[in-house]
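To keep things clear, I will list the structure first and then write my remarks on it.
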Amino acid sequence: MNLKIFLELVEIKAKTASIFPFLLAALYSYYRFGYLNFTNMLIFFVAMLLFNMAVDANDNYQDYKRAKRNKTNDFISKTNVIGVNHLNIHMIGWLVFALIFVSALLGIWLTIRTNWIILVMGLFCFAVGYLYAGGPWPLSSLPIAEFFAGFTMGYMIFLINVFLNLYSKTTFNWSIAIEALLPAGLISFAISALLLANNICDEEEDKTLKRHTIVYYLGRSKSLILYDSFYVIGFLLLLFSVILKLQPIASLLTFAIVPLIWHNLVIFHKKQVKKETFILSIKNLLFISVAQTLTVAIGVFLHF
Numbered sequence: 010m011n012l013k014i015f016l017e018l019v020e021i022k023a024k025t026a027s028i029f030p031f032l033l034a035a036l037y038s039y040y041r042f043g044y045l046n047f048t049n050m051l052i053f054f055v056a057m058l059l060f061n062m063a064v065d066a067n068d069n070y071q072d073y074k075r076a077k078r079n080k081t082n083d084f085i086s087k088t089n090v091i092g093v094n095h096l097n098i099h100m101i102g103w104l105v106f107a108l109i110f111v112s113a114l115l116g117i118w119l120t121i122r123t124n125w126i127i128l129v130m131g132l133f134c135f136a137v138g139y140l141y142a143g144g145p146w147p148l149s150s151l152p153i154a155e156f157f158a159g160f161t162m163g164y165m166i167f168l169i170n171v172f173l174n175l176y177s178k179t180t181f182n183w184s185i186a187i188e189a190l191l192p193a194g195l196i197s198f199a200i201s202a203l204l205l206a207n208n209i210c211d212e213e214e215d216k217t218l219k220r221h222t223i224v225y226y227l228g229r230s231k232s233l234i235l236y237d238s239f240y241v242i243g244f245l246l247l248l249f250s251v252i253l254k255l256q257p258i259a260s261l262l263t264f265a266i267v268p269l270i271w272h273n274l275v276i277f278h279k280k281q282v283k284k285e286t287f288i289l290s291i292k293n294l295l296f297i298s299v300a301q302t303l304t305v306a307i308g309v310f311l312h313f
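Numbering (the numbering used here), first residue to last: 10 to 313.
See below:
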């Protein structure tokens, strides 16, 4: 397995979904509390990245095994990265284990440096990461997949990084956790929208693989309405976070990308084809992530 195939296996292009919540949390910690712990952030960043890679590799691994059981040879030979590149399935299993093991060691180190709250939040993320593709009823095949993807990759990464910066200055409390829902809301819902777009495009394939995603229950038309609503709710949360002074006024400049998001939504409504229009949801997530991070950074450093 060469580097190119490895990066495809761990879906390196999707790592934007976890890196930007991490950066936003750092900016929020400094803006709201005036303090950063760079050592904790560095350890968490590596652990987060390794675990994210493990989750995506495991997703491909479990999809391959499930396709083998269901004898969906087309999916194996044309879609799944393991089948397309004739990778050793046992080697992939050990790779997933190694990534999780190193990430877990770093998580334990962070727990020793801080306290048990980090352990609890980390175990929750580990559980979601495993259950997302593994177990008898994978979350990715259920109608709650979008919620767990956005909540874990958006909000939980944000909250963990905030607490790692603050642990020596304040004790964890629910007000911090609830407040974090607002500044992390837009990017969390954009992540959920990305997964929903993927499931809309994969509607027929998911039926073949016996995945009962939310699209299976709502149908395509209602799923598209839900898809739009994720963005609306996300931008409203951004607005409320500024009103409540949880983010600088400059972060409202993020609304400048709304025409771009709207343009992509219109195109996606007309055509939902994985190879042609799914990229629009990836672009939306990238636009939102970059715009919010940059505008918050401007506000933090210019005190505006």
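Here a beta-carbon is modelled for each residue, glycine too, at the ideal position from N, C-alpha and C.
Check: Would you call the stretch 115-129 and the stretch 156-163 touching, i.e. three or more CB-CB distances under 8 Å?
Finding: They do not touch, by the three-pair rule.
Notebook entry, point to check: With DSSP run on the structure shown, which of helix, strand or coil describes residue 43?
Noted result: coil
Notebook entry, point to check: So, helix, strand or coil for residue 138, using DSSP?
Noted result: Looking at residue 138 - three-state DSSP - the assignment turns out to be helix.
Next item on the list: Work out the CA separation of residue 259 and residue 168 for me, nearest whole Å.
Entry: 22 Å
Next item on the list: Look at the alpha carbon of residue 287 and the alpha carbon of residue 276, and state the distance between them as a whole number of angstroms.
Entry: 10 Å
Check: residue 23 and residue 71 look like a contact to me (Cβ under 8 Å); what is the Cβ gap, rounded to whole Å?
Finding: For residue 23 against residue 71, the beta-carbon gap comes to about 16 Å, at or over 8 Å, which does not count as contact.
Check: How about the stretch 241-257 and the stretch 186-205: do they share at least three Cβ pairs that are nearer than 8 Å?
Finding: yes
Margin query: Please state whether the Cβ-Cβ distance between residue 191 and residue 150 is less than 8 Å.
Written below: no
Check: Around the C-beta of residue 308, are 16 or more other C-beta atoms found within 10 angstroms, so that it is buried, or is it exposed?
Finding: buried
Checklist line | Separation of residue 134 from residue 89, as counted between CA atoms | finding: 25 Å
Checklist line | Cutoff 6 Å; reference residue 148; Cβ partners in own chain excluding five residues on either side | finding: 140, 141, 154 and 157
Check: Between the beta-carbon of residue 205 and the beta-carbon of residue 235, is there less than 8 Å?
Finding: yes
Margin query: Measuring straight from C-alpha to C-alpha, what distance separates residue 255 and residue 266?
Written below: 21 Å
Next item on the list: Verify the contact flag: residue 299, CB atom, against every heavy atom of the ligand FAD, threshold strictly below 7 Å.
Entry: For the structure depicted, the ligand FAD is absent and the ligand set is empty, with no information on it obtainable.
Item checked: Coil, strand or helix - residue 212 by DSSP -> helix
Note to self: For residue 100, count the other beta carbons within 10 Å of its own beta carbon; 16 or more makes it buried, fewer makes it exposed. Which is it?
What the structure shows: With fewer than 16 other Cβ atoms within 10 Å, it is exposed.
Next item on the list: Give the straight-line distance between the Cα atoms of residue 241 and residue 52, rounded to the nearest whole angstrom.
Entry: 34 Å
Note to self: Looking only at its chain, what residues have a beta carbon closer than 8 Å to the beta carbon of residue 98, apart from the 5 residues adjacent to it on each side?
What the structure shows: 70, 73, 74 and 91
Item checked: residue 29 versus 109, 306 and 16, residue with shortest Cα-Cα distance -> 306
Margin query: Is it buried or exposed, residue 136, if we count other Cβ atoms within 10 angstroms and call 16 or more buried?
Written below: exposed
Check: Is the CB-CB distance between residue 171 and residue 290 below 8 Å?
Finding: no
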